[in-house]
Amino acid sequence: MKKKSKIIIIGGGIGGLSLGPLLSNDNFEVEIFESEPTLGGRANIIKEEGFTFDTGPSLLNYPWVYEEYFSNFGKNFYDYVDLIKVDPAVNFVWRDKTNLQLSSDINKLSDEISKFCPNDRNGLIEFLKSSQKKYDLAFKNIVTKNSSNVLSWLINAGITNLLSLGLTNSMYNEISKFFEEKKVVEALSSYSMYLGDSPYKLPGFFSILPYGELQYGLWMPKGGMYGLVEGLIKLNQEKDVKINTSSKIKKIIVEKKSAIGVILEDGSEIFSDIIVSNVDSETTHKDLIGINSKKYKMTPSAYTFYWGINKNIDSLTHHTIFLPDNFKKTFDELFSKNEIPNDLPFYISIPSKTDSSLAPKGQSSLFVLIPCPVISKFSEEHNIEKAFELKNEVFNRFEQNDIDIKKEDIIFEKIYTPHEWKNNFGLFDGSAFGPSHNFSQIGPFRNSNKSKKIKNLYFVGASTTPGTGVPMCILSSKMTNEIIQEELHK
Ligand SMILES: Cc1cc2nc3c(=O)[nH]c(=O)nc-3n(C[C@H](O)[C@H](O)[C@H](O)COP(=O)(O)OP(=O)(O)OC[C@H]3O[C@@H](n4cnc5c(N)ncnc54)[C@H](O)[C@@H]3O)c2cc1C
0 MKKKSKIIII GGGIGGLSLG PLLSNDNFEV EIFESEPTLG GRANIIKEEG FTFDTGPSLL
60 NYPWVYEEYF SNFGKNFYDY VDLIKVDPAV NFVWRDKTNL QLSSDINKLS DEISKFCPND
120 RNGLIEFLKS SQKKYDLAFK NIVTKNSSNV LSWLINAGIT NLLSLGLTNS MYNEISKFFE
180 EKKVVEALSS YSMYLGDSPY KLPGFFSILP YGELQYGLWM PKGGMYGLVE GLIKLNQEKD
240 VKINTSSKIK KIIVEKKSAI GVILEDGSEI FSDIIVSNVD SETTHKDLIG INSKKYKMTP
300 SAYTFYWGIN KNIDSLTHHT IFLPDNFKKT FDELFSKNEI PNDLPFYISI PSKTDSSLAP
360 KGQSSLFVLI PCPVISKFSE EHNIEKAFEL KNEVFNRFEQ NDIDIKKEDI IFEKIYTPHE
420 WKNNFGLFDG SAFGPSHNFS QIGPFRNSNK SKKIKNLYFV GASTTPGTGV PMCILSSKMT
480 NEIIQEELHK
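If you're matching positions, the sequence shown starts at 0 in numbering that gives the first Met the number 0 and goes up one per residue.
Below, the structure written as structure tokens:
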């Protein structure tokens, strides 16, 4: 009998965990090496003093991606993960105490949007129609297509398709075409923050991001986002993927420009036919191979706070985004000047509102995410003192917006500065979401799922295609699997 080819996956983040079962299904011997004691990468878990927090992702969208992924194995996603719908979805709040609550219930959403400007009721219908076309086109022809070069990508995508996606417009201008009220445009275009640039610079194509959330709803797995990681771990076990935690890879062994194995921190060497890195591409090249790679503009880093609060919080829903007064100035400060914006935008999630098991009875688990410049671009130091300054600003804003939480209500606290993000998960320059998604960094311009420099080396996860976010990392595993199969059957 022919010996199975062996594949090593470095990193047990969402990308690595979703690739393992696909490869194992195709009859490879697959082994994952994860440096941390727990799996999930950025999508990790903190469980302390009765409170449960997701470390990173807190919004689950595009459930169809997970349904399709599990169906590859003849499995029903919902046998692995219980999803709870979160509605109202995200609530946007301004300093003047106005707010906009998104919902996938289109009637509710229409009433909410038209409270600012009645004409925007029609604008919403047009926005949804136009975005649906873009979304369908993007996912059918572009997002998940491997392409070895720019020309084949352009041909596959179709030039007219690309133009109709709004690639030549900015995300802000694309959304402005449909709504008169500035606050609606600000709310929907603020999603650009997670894609790594200002909505005035990112392509209009990304208006499909808020659309996807409105169309397919916003969800949370039971037990928090980590419920998804647990579902993936179970699938890996069923598919006989061997998983090693607390097993940091020190080097990828490269001989004659071909990856042949890995060296662990204890010096032991393991050889394999193929290596897939789920670690950020720049960290992989620089630290694990010792070569330079293309320099990407990175998405912001983040200060994240995990607070156990001694009470229920009535003045906030599950997801809230606090937006600044001067939207453009704030994005310029963050993305062009590499400053922490003066008028701080930040995101709050209270998952215990949707799943009460995540906090002791009558108490709340609360997560705060404050975007900030990556480590090398910030002219000041990112450190715990800076974290406490930002915490003060969050509480000033709470007071201004009548949010009933005081510092004294915090009975448990953990803080990640950009350095924790970099050191704990290998995130290049502390960037929370990987390389940003400007036109010059997507599709064939992004780090390819197959190394162009080293034979038998592949990538999976946020730093490769299609891009960042949990569903995109799942899709990247499909793309990496396809490209490995193609290579082997050449
Ligand atoms: C604060 C924050 C909030 C977010 N919110 C959302 C959200 O709401 N919704 C959403 O969809 N996405 C969100 N994201 C993005 C999402 O979390 C990521 O896109 C996704 O989790 C990245 O997964 P990945 O597969 O690229 O791997 P990663 O999570 O980066 O995992 C890589 C793994 O490799 C391991 N590793 C690193 N170096 C080594 C080594 N030398 N040896 C062995 N193992 C190693 C790391 O420990 C890690 O486990 C958020 C991210 C952050 C940081």
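Yeah, the Cβ is synthetic: ideal placement off N, Cα and C, and Gly gets one too.
Quick check on this structure: which residue in E268, K449 and L217 has the alpha carbon closest to the alpha carbon of S348? Taking the first residue of the sequence shown as position 1, residue 348 is located at position 349. Of E268, K449 and L217, the residue nearest in Cα terms is L217.
Regarding K247 and ligand 1, is the C-beta to nearest heavy atom distance less than 6 Å? Against the sequence shown, residue 247 aligns to sequence position 248. Yes, the Cβ of K247 comes within 6 Å of a heavy atom of ligand 1.
Just to confirm, is the Cβ distance from S82 to S476 under 7 Å? In the sequence shown, the residue the question calls residue 82 occupies position 83. In the sequence shown, the residue the question calls residue 476 occupies position 477. The amino acid occupying residue 82 in the given sequence is Leu; Ser does not appear at that position. Not in contact: L82 and S476 (Cβ atoms no closer than 7 Å).
Three or more C-beta pairs below 8 Å linking the segment 440-452 and the segment 470-484: yes
Cβ of R41 within 6 Å of any heavy atom in ligand 1? As a first step, residue 41 is located in the sequence shown; it is residue number 42 there, counting from the start. Yes, ligand 1 has a heavy atom inside 6 Å of this Cβ.
Helix, strand or coil for M0 per DSSP? Counting from 1 along the sequence shown, the entry for residue 0 is found at position 1. In this predicted model, M0 has a pLDDT of only 47, less than 50, meaning its place in the structure is not dependable; the value taken from the coordinates is given anyway. Correct three-state label for M0: coil.
Hey, would you say the C-beta of N90 is under 6 Å away from at least one heavy atom of ligand 1? Position 91 of the sequence shown holds residue 90. No, ligand 1 has no heavy atom inside 6 Å of this Cβ.
Residues in the same chain with beta-carbon distance under 8 Å from C472, minus the five sequence neighbours each way, listed in chain order, please. For the purposes of this step, residue 472 is identified with residue 473 of the sequence shown, where counting begins at 1. Excluding residues within five positions, the ones whose Cβ falls inside 8 Å are G12, I13, G14, S17, V459, G460 and A461.
Using the rule of at least 16 other Cβ atoms within 10 Å of the residue's Cβ for burial, across every protein chain shown, is T464 buried or exposed? As a first step, residue 464 must be located in the sequence shown, where it is residue number 465. T464 comes out buried.
Under the criterion of a Cβ to heavy atom distance below 6 Å, does S292 qualify as lining ligand 1? Taking the sequence shown and counting its residues from 1, the one referred to as residue 292 is at position 293. Flag unset: Cβ of S292 not near ligand 1.
So does V85 have its beta carbon nearer than 6 Å to some heavy atom of ligand 1? Your numbering for residue 85 matches position 86 in the sequence shown. Flag unset: Cβ of V85 not near ligand 1.
Could you tell me the distance, in whole angstroms, from the CA atom of N455 to the CA atom of I252? Taking the sequence shown and counting its residues from 1, one reaches residue 455 at position 456. Taking the sequence shown and counting its residues from 1, one reaches residue 252 at position 253. Distance between the alpha carbons of N455 and I252 is about 11 Å.
Between Y171 and the rest of its own chain, which residues show a CB-CB distance below 6 Å, the 5 nearest in sequence each way excluded? Here residue 171 is taken as the residue at index 172 of the sequence shown, counted from 1. Around Y171: S188, P198 and Y199.
Would you check if the distance between the CB atom of E180 and the CB atom of D119 is smaller than 7 Å? Within the sequence shown, residue 180 is the residue found at index 181, counting from 1. Within the sequence shown, residue 119 is the residue found at index 120, counting from 1. Cβ atoms of E180 and D119: closer than 7 Å.
Which parts of the segment 253-296 are runs of the beta strand (DSSP E), unbroken and 3 residues or longer, counting only runs that do not cross its ends? 257-263, 268-270 and 273-276
Which first and last residues belong to the beta strand (DSSP E) in which T303 is found? Position 304 of the sequence shown, counting from 1, holds the residue named residue 303. Its beta strand (DSSP E) spans residues S300 to I308.
Do three or more CB pairs link the segment 320-327 to the segment 83-95 at distances below 8 Å? Using a C-beta cut-off of 8 Å, the segment 320-327 makes contact with the segment 83-95, since at least three inter-stretch Cβ pairs fall below that distance.
Fully enclosed by the segment 181-251, which alpha helix (DSSP H) runs are 4 residues long or longer? 181-188, 191-194, 207-215 and 225-237
Helix, strand or coil for C371 per DSSP? Taking the first residue of the sequence shown as 1, we reach residue 371 at position 372. Correct three-state label for C371: strand.
Compute the Euclidean distance between the alpha carbons of E485 and G361, then round it to the nearest angstrom. What you label residue 485 is simply residue 486 of the sequence shown in a count that begins at 1. What you label residue 361 is simply residue 362 of the sequence shown in a count that begins at 1. Near 54 Å, if we compare the C-alpha coordinates of G361 and E485.
Mapping DSSP to helix, strand and coil, what is L153? Walking along the sequence shown from the start, residue 153 turns up at place 154. Residue state for L153 is assigned as helix, using DSSP reduced to three classes.
Complete alpha helix (DSSP H) runs within the segment 301-351 (minimum length 4 residues, chain order): 326-330
Inter-residue spacing [alpha-carbon to alpha-carbon] between D53 and I44: Taking the sequence shown and counting its residues from 1, one reaches residue 53 at position 54. Taking the sequence shown and counting its residues from 1, one reaches residue 44 at position 45. D53 and I44 have their alpha carbons spaced roughly 5 Å apart.
Going by other Cβ atoms of all chains shown within 10 Å of its Cβ, with 16 needed for buried, is Y490 buried or exposed? Residue 490 is absent from the structure shown; the chain starts at 0 and stops at 489.
Please indicate yes or no: does the CB of T467 lie closer than 6 Å to some heavy atom of ligand 1? Counting from one through the sequence shown, the residue named residue 467 turns up at place 468. Yes, the beta carbon of T467 sits closer than 6 Å to at least one heavy atom of ligand 1.
Beta strand (DSSP E) segments (min. 3 residues) lying fully within the segment 424-476: 456-458
Would the C-beta of G10 count as close to ligand 1, meaning under 6 Å from any of its heavy atoms? In the sequence shown, the residue the question calls residue 10 occupies position 11. Judged by the Cβ position, G10 qualifies as a neighbour of ligand 1 at the 6 Å threshold, a heavy atom of the ligand being closer than this.
With a threshold of 6 Å, establish whether the CB of L368 neighbours any heavy atom of ligand 1. As a position in the sequence shown, residue 368 is number 369, starting the count at 1. Yes, the beta carbon of L368 sits closer than 6 Å to at least one heavy atom of ligand 1.
Please list, in chain order, all residues of the same chain as L101 whose beta carbon is under 6 Å from its beta carbon, the five residues on each side excluded. Counting from 1 along the sequence shown, the entry for residue 101 is found at position 102. Closer than 6 Å at Cβ, skipping near neighbours: A88 and V89.
Report yes or no: do three or more beta-carbon pairs, one from the segment 251-266 and one from the segment 380-392, lie closer than 8 Å? no
Are the CB atoms of I248 and F31 within a distance shorter than 7 Å? In the sequence shown, the residue the question calls residue 31 occupies position 32. In the sequence shown, the residue the question calls residue 248 occupies position 249. Note on residue identity: the sequence assigns Ile, not Phe, to residue 31. Against a cut-off of 7 Å, the Cβ pair of I248 and I31 comes out as no contact.
Rounding to the nearest angstrom, what Cα-Cα distance links S493 and G222 in this structure? Outside the displayed range of the chain (0 to 489) lies residue 493, so it cannot be described from this structure.
So within the segment 118-175, which uninterrupted alpha helix (DSSP H) runs reach at least 4 residues, ignoring any that extend past its ends? 119-136, 149-156, 158-163 and 170-175
Quick one: any contact between the segment 125-143 and the segment 200-220, if contact means 3 or more CB pairs under 8 Å? Yes, the segment 125-143 is in contact with the segment 200-220.
Return yes when the Cβ of G425 is within less than 7 Å of the Cβ of P417, no when it is not. Within the sequence shown, residue 417 is the residue found at index 418, counting from 1. Within the sequence shown, residue 425 is the residue found at index 426, counting from 1. In this structure, G425 does not lie closer than 7 Å to P417 by Cβ.
Among F204, T97, D196 and N26, nearest to K238 - alpha-carbon criterion: As a working mapping, residue 238 is identified with position 239 in the sequence shown. Of all alpha-carbon atoms in F204, T97, D196 and N26, the one lying nearest the alpha-carbon of K238 is that of N26.
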